[in-house]
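Student: Protein sequences, first through last, are from chains A and B.
So in numbering that gives the first Met the number 0, the last spot in the first sequence is 139, and the numbers never skip.
So in numbering that gives the first Met the number 0, the last spot in the second sequence is 148, and the numbers never skip.
The beta carbon of each residue, even a glycine, is placed where N, CA and C say it ideally should be.
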Amino acid sequence: MATTATISISSDIAPGFGGISESMTLTQAGTLTDIDSTTGFQIRKLSATGAVDLVTMASELVEPKDSVAAKIYIRNIGYKGDIDKSTGVTIGVKAESIGMLYGGDWMMMPLTCIDADDITVNPENDNTVVIEYVLFYEEA
Amino acid sequence: MATTTAAVTLTSDLLSDNMSVSASTTCMKAGTTADGLDMMEYGYIDIVTGDQFDLLGSDDSTGSLGNPVSGVMANKANKVYIKNHSTDETYYVSIMLDAQAIGKLYGGDWMFIPWSATDDDKDIEITASGGTNKICYALFHQGKTLVAS
């Protein structure tokens, strides 16, 4: 076993679209060697608008290697089982907004892990919302 | 209502107990629970090395790759899927958003992100390394500004 991520997308928007089902094994950059480090699952509770760091790259206990094959999974899990599609949290890298995760939405994306490229979260309102995430990376 | 569902299963043996997480979301229009995303673009292209291209353009002009994905409504609940189908693990594409580096997708890697496209500059840009990379992408969105011919 290793670290694997499988995505399945189904949609009836376009007639004939057969969906997407793809799997990837998270490996170290440019090799078939399994990725070997993770932060493990973490959560962050947010109760006010304003961008804060979800991951501060320079403050990680183990320094991730820069510009290789790191990945992060993030999900808006609502609060105490109440997943509110109207409470979105904008995910960003450094000062750049990527997009908004509404209640229940998830994302998986590669990361540079460069110290300046922190992962930020910014709720759109003051409703309490919890973000769960896990980072996979290579040690520097 | 059109229905688009994105599910992920994540497993890992890096921790003392195996991790297995499954999540699924129905992709709705921004801030609603009653109306799903109803437009999509889906493509498969070769990205040659040497230049940075707009894979998905957020403005009203046609993307430099010639794909008709421009005009996405800004600040909405758009979702983007990208997979690097290159079979050589040393090949990769660098993903950027408005000149901000996001990360690299090596051969076999995929990503799935929300894309707010907050203004005309928020293109999703791509640069290939190692050789010509084969890229599959999909954009699920809720609106598009058509470009007059």
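1) What would DSSP say about residue 59 of chain B, mapped onto helix, strand or coil?
2) Among the candidates A/124, A/19, A/137, whose CA atom is the shortest distance from the CA of residue 77 of chain A?
3) Using the Cα positions of residue 120 of chain B and residue 33 of chain B, report the straight-line distance between them to the nearest angstrom.
4) According to DSSP, simplified to helix, strand and coil, what is residue 95 of chain B?
5) Give the straight-line distance between the Cα atoms of residue 63 of chain B and residue 50 of chain A, rounded to the nearest whole angstrom.
6) For the segment 121-135 of chain B against the segment 92-110 of chain B, do three or more pairs of beta-carbon atoms, one drawn from each stretch, fall closer than 8 Å, so that the two count as touching?
7) Once the 5 residues before and after residue 20 of chain B are set aside, which same chain residues still bring their CB inside 6 Å of it?
8) Using a 10 Å radius around the Cβ and a threshold of 16 neighbouring Cβ atoms, would you call residue 44 of chain A buried or exposed?
9) Is it the case that the segment 119-136 of chain A contacts the segment 86-98 of chain A, given that we only count it when at least three CB pairs across the two stretches are under 8 Å?
10) Could you tell me how far apart the beta carbons of residue 52 of chain A and residue 113 of chain A are, in whole angstroms, since I believe they sit closer than 8 Å?
11) Can you check whether the C-beta of residue 23 of chain A is within less than 8 Å of a C-beta belonging to chain B?
12) Below 8 Å CB to CB, which residues in the same chain sit around residue 93 of chain A once its five sequence neighbours on both sides are set aside?
13) Could you say if the segment 29-39 of chain A and the segment 73-92 of chain B meet the contact criterion of at least three C-beta pairs nearer than 8 Å?
14) Hey, how far is the Cα of residue 33 of chain A from the Cα of residue 96 of chain B?
15) Starting from the beta carbon of residue 52 of chain A, find every residue of chain B whose beta carbon is closer than 8 Å, and list them in chain order.
16) As a quick exercise: from B/74, B/43, B/129, B/41, pick the residue whose alpha carbon is nearest that of residue 57 of chain B.
17) Please report the distance separating the alpha-carbon of residue 101 of chain A from that of residue 29 of chain B.
18) Using a threshold of 8 Å, state whether the C-beta atoms of residue 113 of chain B and residue 90 of chain A are closer than that.
19) I'd like to know if residue 74 of chain A contacts chain B, where contact means its C-beta is closer than 8 Å to some C-beta of that chain.
20) For chain A, is any of its Cβ atoms less than 8 Å away from the one on residue 80 of chain B?
21) Return no unless some Cβ of chain A is closer than 8 Å to the Cβ of residue 103 of chain B.
22) How about residue 26 of chain B and residue 6 of chain B: are their beta carbons less than 8 Å apart?
23) What number of angstroms, rounded off, separates the C-alpha of residue 138 of chain B from the C-alpha of residue 95 of chain A?
24) I want to verify the contact list: residues of chain A whose CB lies under 8 Å from the CB of residue 115 of chain B, in sequence order.
25) I'd like to know if residue 58 of chain A contacts chain B, where contact means its C-beta is closer than 8 Å to some C-beta of that chain.
26) Ignore the nearest five residues each way along the sequence and tell me which others in residue 62 of chain A's own chain have a CB closer than 6 Å to its CB.
27) Checking contacts by CB at 8 Å: is residue 31 of chain A closer than that to chain B?
Tutor: Result, derived from the coordinates:
1) Numbered from 1 along the second sequence, position 60 holds the residue referred to as residue 59 of chain B. With a pLDDT of only 47 at residue 59 of chain B, under the threshold of 50, the placement of this residue in the model should not be trusted; the figure read from the coordinates follows. Note: residue 59 of chain B maps to coil in three-state DSSP.
2) As a working mapping, residue 77 of chain A is identified with position 78 in the first sequence. For the residues A/124, A/19, A/137, the minimum Cα distance to residue 77 of chain A belongs to A/124.
3) Working through the second sequence from its first residue, we reach residue 120 of chain B at position 121. Working through the second sequence from its first residue, we reach residue 33 of chain B at position 34. Each residue's Cα considered, the two are about 30 Å apart.
4) Locating residue 95 of chain B in the second sequence gives position 96, where the first residue counts as 1. It is a strand residue.
5) Along the second sequence, one-based indexing puts residue 63 of chain B at 64. Along the first sequence, one-based indexing puts residue 50 of chain A at 51. Since pLDDT at residue 63 of chain B reaches only 41, below the 50 mark, its modelled position is unreliable, and the value read off the structure follows with that caveat. Straight-line Cα distance between these residues: approximately 32 Å.
6) yes
7) In the second sequence, the residue the question calls residue 20 of chain B occupies position 21. Within the same chain, residue 20 of chain B has close Cβ partners 9.
8) Start at 1 with the first residue of the first sequence, and residue 44 of chain A comes out as number 45. Flag for residue 44 of chain A reads exposed.
9) yes
10) Sequence index remark: in the first sequence, residue 52 of chain A carries index 53 (1-based). Sequence index remark: in the first sequence, residue 113 of chain A carries index 114 (1-based). That belief does not hold up - the Cβ atoms of residue 52 of chain A and residue 113 of chain A are roughly 14 Å apart, past 8 Å.
11) Sequence index remark: in the first sequence, residue 23 of chain A carries index 24 (1-based). It does; some Cβ of chain B falls within 8 Å.
12) In the first sequence, counting from the first residue as 1, residue 93 of chain A sits at position 94. Contacts found: 115, 116, 117, 119.
13) yes
14) Counted from its first residue, the first sequence places residue 33 of chain A at position 34. Counted from its first residue, the second sequence places residue 96 of chain B at position 97. Roughly 27 Å separates the two Cα atoms.
15) Taking the first sequence and counting its residues from 1, one reaches residue 52 of chain A at position 53. In chain order: nothing, as chain B lies at least about 16 Å away.
16) Counted from its first residue, the second sequence places residue 57 of chain B at position 58. Here the closest residue by C-alpha is B/74.
17) As a first step, residue 101 of chain A is located in the first sequence; it is residue number 102 there, counting from the start. As a first step, residue 29 of chain B is located in the second sequence; it is residue number 30 there, counting from the start. Between residue 101 of chain A and residue 29 of chain B, the C-alpha separation is close to 8 Å.
18) Indexing the second sequence from 1 puts residue 113 of chain B at position 114. Indexing the first sequence from 1 puts residue 90 of chain A at position 91. Cβ distance < 8 Å, so residue 113 of chain B and residue 90 of chain A count as in contact.
19) Residue 74 of chain A sits at position 75 when you count from the first residue of the first sequence. For residue 74 of chain A, the answer is yes, since a Cβ of chain B falls inside 8 Å of its Cβ.
20) Here residue 80 of chain B is taken as the residue at index 81 of the second sequence, counted from 1. It does: the Cβ of residue 80 of chain B has a partner Cβ on chain A nearer than 8 Å.
21) Residue mapping note: residue 103 of chain B aligns to position 104 of the second sequence, counting from 1. Chain A, which has a Cβ nearer than 8 Å to the Cβ of residue 103 of chain B, makes this yes.
22) By one-based count along the second sequence, residue 26 of chain B stands at place 27. By one-based count along the second sequence, residue 6 of chain B stands at place 7. In this structure, residue 6 of chain B does not lie closer than 8 Å to residue 26 of chain B by Cβ.
23) Position 139 of the second sequence, counted from the first residue, corresponds to residue 138 of chain B. Position 96 of the first sequence, counted from the first residue, corresponds to residue 95 of chain A. Taking the straight line from one Cα to the other gives about 20 Å.
24) Within the second sequence, the letter at position 116 stands for residue 115 of chain B. Neighbours of residue 115 of chain B on chain A, chain order: 89, 96, 97, 98, 99.
25) One-based indexing of the first sequence puts residue 58 of chain A at position 59. Chain B, which has no Cβ nearer than 8 Å to the Cβ of residue 58 of chain A, makes this no.
26) The residue labelled residue 62 of chain A in the question sits at position 63 within the first sequence. If we look at residue 62 of chain A and ignore the five residues flanking it on each side, its Cβ neighbours are 139.
27) Position 32 of the first sequence holds residue 31 of chain A. Closer than 8 Å: yes.
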